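Asks: Protein sequence lines correspond, in order, to chains U and E.
Sequential numbering of the first sequence, starting at 465, is according to the working numbering.
Sequential numbering of the second sequence, starting at 292, is according to the working numbering.
No residue lacks a Cβ here, since even glycine has one placed at the ideal position from N, Cα and C.
Predicted model, so just to flag it, every value in this text is computed and none were measured.
Let me begin by handing over the structure; questions about it come next.
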Amino acid sequence: MKYIVFISSFCLMLVQIVSGRALAPYVGVSVYVWTGVIGTTLLGIVFGYAAGGIMADTNGNKKTLGISLALAGLASLVSYYVLIILGQRMGAGSMPLIARVVVMSFCVFFPTAFFLSTIVPQAVKQSLSSLSKTGGTVGELSAWSAIGNLLGTFAGGYVLIPFIGTKGVMIAIAAVLMLLGLWVARGEKLWRNKFGILAVAFFIGAFILPGGCIMETNYFCIRIASSQNEEGAKTHILRLDHLVHSYVNPANPRDLGYDYEQVYANLIASRFTTSTAFTAYFIGGGGYVLPRYIEAEYPQATSIVAEIDPGVTEANHRYMGLDRQTRIITANEDARMHLMRGGDASYDLVFGDAFNDFSVPYHLTTVEFHKLLKSRMSADGVYALNIIDDARYGEFLAAMVRTLREVWTNVYVAPQADTVQPGRNTIVLIASDRAIDQVAWYGTLSPAAVEKNLADDARQTQIRLINPDRITELLDRKKAPALRDDYVPTDRYLAPVFSDAY
Amino acid sequence: MPPLRLPPIPRSLGSRGIVFFSGFAMMTVELLAARVTAPYLGSSLYTWTGIIASVLLGIALGAYVGGKLADQTSPRTILAASLGLGGLTTALGYFVAALIGPWLGTHVAVPVAMPLFALLVFFPPSLFLSAVQPAAIKKDLVEMGETGRVVGMLGSWNAAGSILGTYLAGFVFNYFVSTRLVWFLTAALLIAVAFWVWFRPTKAKAVV
Chain U
465 MKYIVFISSF CLMLVQIVSG RALAPYVGVS VYVWTGVIGT TLLGIVFGYA
515 AGGIMADTNG NKKTLGISLA LAGLASLVSY YVLIILGQRM GAGSMPLIAR
565 VVVMSFCVFF PTAFFLSTIV PQAVKQSLSS LSKTGGTVGE LSAWSAIGNL
615 LGTFAGGYVL IPFIGTKGVM IAIAAVLMLL GLWVARGEKL WRNKFGILAV
665 AFFIGAFILP GGCIMETNYF CIRIASSQNE EGAKTHILRL DHLVHSYVNP
715 ANPRDLGYDY EQVYANLIAS RFTTSTAFTA YFIGGGGYVL PRYIEAEYPQ
765 ATSIVAEIDP GVTEANHRYM GLDRQTRIIT ANEDARMHLM RGGDASYDLV
815 FGDAFNDFSV PYHLTTVEFH KLLKSRMSAD GVYALNIIDD ARYGEFLAAM
865 VRTLREVWTN VYVAPQADTV QPGRNTIVLI ASDRAIDQVA WYGTLSPAAV
915 EKNLADDARQ TQIRLINPDR ITELLDRKKA PALRDDYVPT DRYLAPVFSD
965 AY
Chain E
292 MPPLRLPPIP RSLGSRGIVF FSGFAMMTVE LLAARVTAPY LGSSLYTWTG
342 IIASVLLGIA LGAYVGGKLA DQTSPRTILA ASLGLGGLTT ALGYFVAALI
392 GPWLGTHVAV PVAMPLFALL VFFPPSLFLS AVQPAAIKKD LVEMGETGRV
442 VGMLGSWNAA GSILGTYLAG FVFNYFVSTR LVWFLTAALL IAVAFWVWFR
492 PTKAKAVV
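Here is the structure:
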């Protein structure tokens, strides 16, 4: 009995881990998705436990237990179909994202969680021989259940998803649970039931269903769409989960894709006019667009990339033409940890591009983090980062500006327009103790700007640093305080931007 | 099919409330754990799994030992002791984190540092808090015929408490108040409930 509890708990946790990953390509990864999935699973447990208890007291036998297990298996198999159908229907739908997350996680994962949670009360009922042993029996079965949960979490996160993918895991869970169910109720010969045929059909069907990601890592579902541009060069679009992260043109590193990269290119060009032997540090690698650009245009410069996911680096090498002999140095580590240990570093430029989709790594936004970062930079080093916000809300922007101002003398806002625009926008923030030379800023033509070849007005708008008065005005309206390790409500600040954008 | 005749199970609101609250406290601690960890050890696959693993390991051991002890001593003692010690270790954990975090963060590789950190900070509260449920079941289960429903009902309340903890910690606490405040409030509340369980007048059980 304890093994049955162990296996069902193992599967339950696995389903929960896989759920978050399986939803990611459709709705991204954020606090909303994880909370939705955890909430659904726990709701399944609430009802599953209560129902399981009643089932155990009325029909407490092996047959009920076997059927519960088999149904859980069937539910996890069916859920994969539901996921694909709902994902396609709702992926482009008009429903707000948070509603979509709730509906999808409920439809997809509630049934499996429900059936799996009916197991423990049934198992206790069938194991308990006398009332003097209640505590021990319950405790022991709970312990097996927790060990199952524990191994399920590890197996899911470290081993199964990277190797057999979310689809493989779902199929495996279904197979294990159904076979276990049949075995537990072997006296009943459940396989003679007509549902058996249905189950087999679902199994065969599941193998044919599309997968989607080219690589599934512990952090992302990585997808790459390649196409030819007008000049016939091959370009790649890198998607991490829901987000189109970068446009990469390996044949021409001057082609930077996103507009905010132009601000970065201009920062480099206007800062390093004579000596170009600078050291640049990147928080987040993505498509390595800017590191490739620096490698090509500034051969004396050094680039160091802190990219948490080795899979992203590998995808760059394997699919997006990043030479394995590149001079770009990568550390596959959390940036804050990497900086904490890098005591002798002295970076001249730091670029922050780790804020994927709407999941903001909160520990990279705080005053404490920025003080650490500054201690690893040269005296007049510059930190530039891109964030997402909306002029109609702007709480996150205000909080970030206040945070950076506590650490650096000058903070600039470059929205790639004359003002911060309404709607979901990428905004570049630049912080340094040395003021930016406005003449050099607007007068320099970076290699990327030459490549882009815009009219001078448009080019200046693209790299516009908004008027300091406007920043003061924004801070007067938005009272969000500077972010500290102890209090980082970034998800709250971004919630309205998030629900509007989808 | 035999007619459904289920004797009503004893209404013990106290036990349900206690398992609900222990689920709530456990999930609050688990969710805030990420924020307590990040300043020292960052936020990565290693830190998440470290937290989940230490909490689940605590559950496994706590449920096992708590259940055994509840069979030998009075379940009420176990309930009060585990709630109180759960609160105490939660509070202590914060200081331990501040004490060892900076050193671990700069001197030990994260895959090694994280299990150590989690074992010292998050494992003890989950160990004690998970002894609550088996002890409550032991206390409430007085007739074999009700096993399924008592276990199911208490498990269900515990999960409901966990949901509330998850949502409040994830969507409300993190949004409006500092991590430290919630952390210590949870600890204080646990200790208060422990005192209540211990000093609560016992009703005469004669009327069964």
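In three-state DSSP terms, what is U:T564?
Replies: Contrary to the premise, residue 564 of chain U reads as Arg rather than Thr in this sequence. Correct three-state label for U:R564: helix.
Asks: Counting along the chain, where does the alpha helix (DSSP H) carrying U:S586 start and finish?
Replies: It is Gln, not Ser, that sits at residue 586 of chain U in the sequence shown. First-last of the alpha helix (DSSP H) with U:Q586: 583–591.
Asks: Comparing alpha-carbon positions, which option in E:S417, E:L432, E:V468 lies nearest U:L595?
Replies: Here the closest residue by C-alpha is E:L432.
Asks: Is the Cβ of U:I468 closer than 9 Å to any Cβ of chain E?
Replies: By this cut-off, U:I468 is not an interface position.
Asks: Taking U:T766 as part of the beta strand (DSSP E), name the residues at either end of that continuous run.
Replies: From DSSP, the beta strand (DSSP E) with U:T766 extends over 766–770.
Asks: Assuming contact is defined by CB atoms lying nearer than 9 Å, are U:I768 and U:G748 in contact in what I supplied?
Replies: Result no, Cβ atoms of U:I768 and U:G748 do not sit closer than 9 Å.
Asks: Classify U:H827 as buried or exposed, calling it buried when 16 or more other Cβ atoms lie within 10 Å of its own Cβ.
Replies: Its Cβ being crowded by 16 or more others within 10 Å, U:H827 is buried.
Asks: Going along the chain, which unbroken runs of the alpha helix (DSSP H) with 4 or more residues stay wholly within the region 710–796 of chain U?
Replies: The region 710–796 of chain U contains these whole alpha helix (DSSP H) runs: 724–735, 753–761, 774–783.
Asks: Let me check one thing: in DSSP terms, what residues is U:S691 bridge-paired to?
Replies: Answer by DSSP bridge pairing, in chain order: U:T699.
Asks: Under 9 Å, CB to CB, which of the residues in the region 363–379 of chain E have a partner in chain U?
Replies: Listed by position, the residues of the region 363–379 of chain E near chain U (Cβ gap below 9 Å) are Q363, P366, I369.
Asks: Please state whether DSSP places U:S472 in a helix, a strand or coil.
Replies: Looking at U:S472 - three-state DSSP - the assignment turns out to be helix.
Asks: Relative to the C-alpha of U:M804, which candidate in E:S447, E:P393, E:T364 has its C-alpha closest?
Replies: Nearest C-alpha to U:M804: E:P393.
Asks: Kindly give me the distance between the Cβ atoms of U:T908 and U:N730, rounded to whole angstroms, as I take these residues to be in contact under 8 Å.
Replies: Contact flag correct, Cβ pair sits at about 6 Å.
Asks: Using a Cβ cut-off of 7 Å, pull out every chain E residue sitting near U:N613, in sequence order please.
Replies: L347, listed in chain order.
Asks: Can you have a look at U:Y811 and say buried or exposed, based on whether 16 or more other CB atoms are within 10 angstroms of its CB?
Replies: By the neighbour-count rule (16 or more Cβ atoms within 10 Å), U:Y811 is buried.
Asks: Rounding to the nearest angstrom, what Cα-Cα distance links E:P294 and U:Q590 in this structure?
Replies: Only weak support exists for where E:P294 lies, its pLDDT of 45 falling under 50; the coordinates are left without a value.
Asks: Please determine, among U:S739, U:G806, U:L893, U:H700, the residue with the shortest C-alpha to C-alpha distance to U:L786.
Replies: U:L786 has its Cα closest to that of U:H700, out of U:S739, U:G806, U:L893, U:H700.
Asks: Quick one: list the residues of chain E neighbouring U:Y811, beta-carbon separation under 9 Å, in chain order.
Replies: Chain E residues near U:Y811: none, gap ~18 Å exceeds 9 Å.
Asks: Compute the distance between the beta-carbons of U:P585 and U:A520, then report whether it is under 9 Å.
Replies: In contact: U:P585 and U:A520 (Cβ atoms closer than 9 Å).
Asks: Which one or two residues does DSSP pair with U:V708 in a beta bridge?
Replies: U:R703.
Asks: Just the Cα atoms here: how many angstroms apart are U:M679 and U:M801?
Replies: The straight-line gap from Cα to Cα measures roughly 25 Å.
Asks: Can you tell which of U:S739, U:Y857, U:A577, U:V877 has the C-alpha that lies nearest to the C-alpha of U:A944?
Replies: Looking at the Cα atoms, U:Y857 is the closest of the given residues.
Asks: Could you name the residues of chain U that E:M444 contacts, counting a contact when the two beta carbons are closer than 7 Å?
Replies: Residues of chain U passing the Cβ test: A514, G517.
Asks: Leaving out five residues before and five after U:G816 in sequence, what residues of the same chain have Cβ atoms less than 6 Å from its Cβ?
Replies: Excluding sequence neighbours, U:G816 sits near I747, L849.
Asks: Could you give the residue range of the beta strand (DSSP E) that holds U:D812?
Replies: Per DSSP, U:D812 belongs to the beta strand (DSSP E) from 811–816.
Asks: Can you find a CB in chain E that lies within less than 9 Å of the CB of U:I758?
Replies: It does not; no Cβ of chain E falls within 9 Å.
Asks: Enumerate in chain order the residues of its own chain whose CB-to-CB distance from U:W647 is below 8 Å, with the five nearest sequence positions on each side excluded.
Replies: Cβ neighbours of U:W647 beyond the five flanking positions: G530.
Asks: Taking three-plus beta-carbon pairs below 8 Å as touching, is the region 909–919 of chain U in contact with the region 886–899 of chain U?
Replies: Short answer: they don't touch.
Asks: Between the region 825–844 of chain U and the region 755–770 of chain U, are three or more C-beta pairs nearer than 8 Å?
Replies: No, the region 825–844 of chain U does not touch the region 755–770 of chain U.
Asks: Drop a sphere of 10 angstroms on the beta-carbon of U:S734, count the other beta-carbons inside from all chains shown, and report buried for 16 or more, exposed for fewer.
Replies: Its Cβ being crowded by 16 or more others within 10 Å, U:S734 is buried.
Asks: Can you find a CB in chain U that lies within less than 9 Å of the CB of E:L410?
Replies: Judged by the 9 Å Cβ criterion, E:L410 is not in contact with chain U.
Asks: So which residues on chain U does E:T340 lean against when the C-beta distance must stay under 8 Å?
Replies: Chain U residues near E:T340: T617, F618, G621, Y622.
Asks: Going by C-alpha distance, which of U:T743, U:P879, U:I502, U:V831 is nearest U:D854?
Replies: Ranking U:T743, U:P879, U:I502, U:V831 by Cα distance to U:D854 puts U:P879 first.
Asks: Find the residues of chain U that neighbour E:R491, judging by a C-beta separation of less than 9 Å, and give them in chain order.
Replies: Correct list: empty, because the minimum Cβ distance to chain U is about 20 Å.
Asks: Comparing alpha-carbon positions, which option in U:D808, U:I637, U:Y513, U:Y683 lies nearest E:A450?
Replies: Taking only the C-alpha atoms, the option nearest E:A450 is U:Y513.
Asks: Is there a C-beta anywhere in chain U that falls below 9 Å from the one on E:F414?
Replies: No, its Cβ sits nowhere closer than 9 Å to a Cβ of chain U.
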